[in-house]
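Q: Here it is, the structure in full.
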Amino acid sequence: MILVDSEFGEIVVRRNALAKNISFSRSTSGRLQMSVPSFISERQIQKSLDSMRERLRDLNLADPDTQRARDTQKKLLMKQAKEYLPYRLEYLAKRYGYHYDKVALKHQSTRWGSCTRRKKSLLGGYEFTISMNIGLMQVPEVLRDYLIIHELAHINHPDHSKAFWQEVESHDPNYRAHREMLKKHNPGL
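Going by the numbering used here, the first residue of the sequence shown is number 129, and it counts up by one from there.
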């Protein structure tokens, strides 16, 4: 769907069944894009655009060069992440006795990582996928290791219980400081 706006011009609106929120981006050609949950009406889309107008101006989304620079940075970080993070994950998993099935590298604006557990079959057992944000390449190695240990600990503890934090601490005695330091960094680019 194309929405025509007096300030931002043509906006490409993409409905996404998995989206929970409305997000904005700019294509390399400079066109503003909106990703919206599939259940949102056109009226709600317009209201959201109007309510976000000031923030969109502040984000400098009107500059395609800024978006191109971000895209280039993402590509570079993805290349670095592919060359480093899977191997570091494998090393720490072996060192501390964890088994995972898959690794996923992503760019996310709000999360550093996740551990997803899925049933393998009716016979039981789980498949674990460790996802990591490529933005980890911009933080010190000790914080990357903390995040990896944090996600690996979720294999045994899918929550943030006392037992989970004890397990994290057994592998990273300074995890509290590392956790606070990581909070000072932004996972988005």
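Note that CB positions come from ideal geometry on N, CA and C, so glycine has one too.
1) Let me check understanding here. Comparing Cα to Cα, which of Y303, R198, G263 and F152 lies closest to V270?
2) If we call anything under 8 Å between Cβ atoms a contact, is G253 one with E279?
3) Span of the alpha helix (DSSP H) holding S249?
4) Please report how far the alpha carbon of I283 lies from the alpha carbon of W293, in whole angstroms.
5) Measure from the alpha carbon of L220 to the alpha carbon of each residue in G158, Q266, R272 and S153, then state which is nearest.
6) From H288 to V296, what distance separates their C-alpha atoms?
7) By how many angstroms is the C-alpha of N261 removed from the C-alpha of Y224?
8) Which term fits R181, buried or exposed, when burial requires 16 or more other beta carbons within 10 angstroms of its beta carbon?
9) I'd like the span of the beta strand (DSSP E) that includes K311, first residue to last.
10) Please list, in chain order, all residues of the same chain as I173 whose beta carbon is under 8 Å from its beta carbon, the five residues on each side excluded.
11) When the Cα of E255 is compared with those of S179, V231 and P315, which residue comes out closest?
12) Between T244 and chain D, is there a C-beta pair that is closer than 8 Å?
13) Measure the alpha-carbon distance for E211 versus K203 and round it to whole angstroms.
14) Starting from D273, trace the alpha helix (DSSP H) both ways and give me its first and last residue.
15) Thinking C-alpha only, which one of I168, R154, F136 and S134 is nearest L146?
16) Should Y274 be labelled buried (16 or more other beta-carbon atoms within 10 Å of its own) or exposed?
17) Could you check what DSSP says for R159 in three-state terms: helix, strand or coil?
18) Under the rule that 16 or more other beta-carbon atoms within 10 Å means buried, what is H227, buried or exposed?
A: Checking against the coordinates, here is how it stands:
1) Counting from 1 along the sequence shown, the entry for residue 270 is found at position 142. That would be Y303, whose Cα lies nearest to the Cα of V270.
2) As a first step, residue 253 is located in the sequence shown; it is residue number 125 there, counting from the start. As a first step, residue 279 is located in the sequence shown; it is residue number 151 there, counting from the start. In this structure, E279 does not lie closer than 8 Å to G253 by Cβ.
3) Start at 1 with the first residue of the sequence shown, and residue 249 comes out as number 121. It is not in any alpha helix (DSSP H) - S249 carries neither H nor E in the DSSP assignment.
4) To locate residue 283, count along the sequence shown from 1; it is residue 155. To locate residue 293, count along the sequence shown from 1; it is residue 165. Here the alpha carbons of W293 and I283 stand approximately 13 Å from one another.
5) As a position in the sequence shown, residue 220 is number 92, starting the count at 1. Checked all of G158, Q266, R272 and S153; the closest Cα to L220 is R272.
6) As a first step, residue 288 must be located in the sequence shown, where it is residue number 160. As a first step, residue 296 must be located in the sequence shown, where it is residue number 168. Distance between the alpha carbons of H288 and V296: 10 Å.
7) The residue labelled residue 224 in the question sits at position 96 within the sequence shown. The residue labelled residue 261 in the question sits at position 133 within the sequence shown. Near 22 Å, if we compare the C-alpha coordinates of N261 and Y224.
8) Counted from its first residue, the sequence shown places residue 181 at position 53. Of the other Cβ atoms in all chains shown, fewer than 16 fall within 10 Å of the Cβ of R181; this residue is therefore exposed.
9) As a working mapping, residue 311 is identified with position 183 in the sequence shown. Run containing K311: none in the beta strand (DSSP E); it sits in the alpha helix (DSSP H), Y303 to K311.
10) For this step, residue 173 is matched to residue 45 along the sequence shown. So the list reads L131, V141, I150, M162 and V164, once near-sequence residues are dropped.
11) Translated into positions along the sequence shown, residue 255 becomes position 127. Per the Cα distances, V231.
12) Given the protein chain composition of this structure (a single chain), no chain D is represented.
13) Within the sequence shown, numbered from 1, the residue matching residue 211 stands at position 83. Within the sequence shown, numbered from 1, the residue matching residue 203 stands at position 75. Near 13 Å, if we compare the C-alpha coordinates of K203 and E211.
14) For this step, residue 273 is matched to residue 145 along the sequence shown. Unbroken alpha helix (DSSP H) run through D273: E269 to N284.
15) Counting from 1 along the sequence shown, the entry for residue 146 is found at position 18. Closest by alpha carbon: I168.
16) Position 146 of the sequence shown, counting from 1, holds the residue named residue 274. Only buried fits Y274, as 16 or more other CB atoms lie within 10 angstroms of its CB.
17) One-based indexing of the sequence shown puts residue 159 at position 31. Coil.
18) Translated into the one-based positions of the sequence shown, residue 227 becomes position 99. With fewer than 16 other Cβ atoms inside 10 Å of its own Cβ, H227 counts as exposed.
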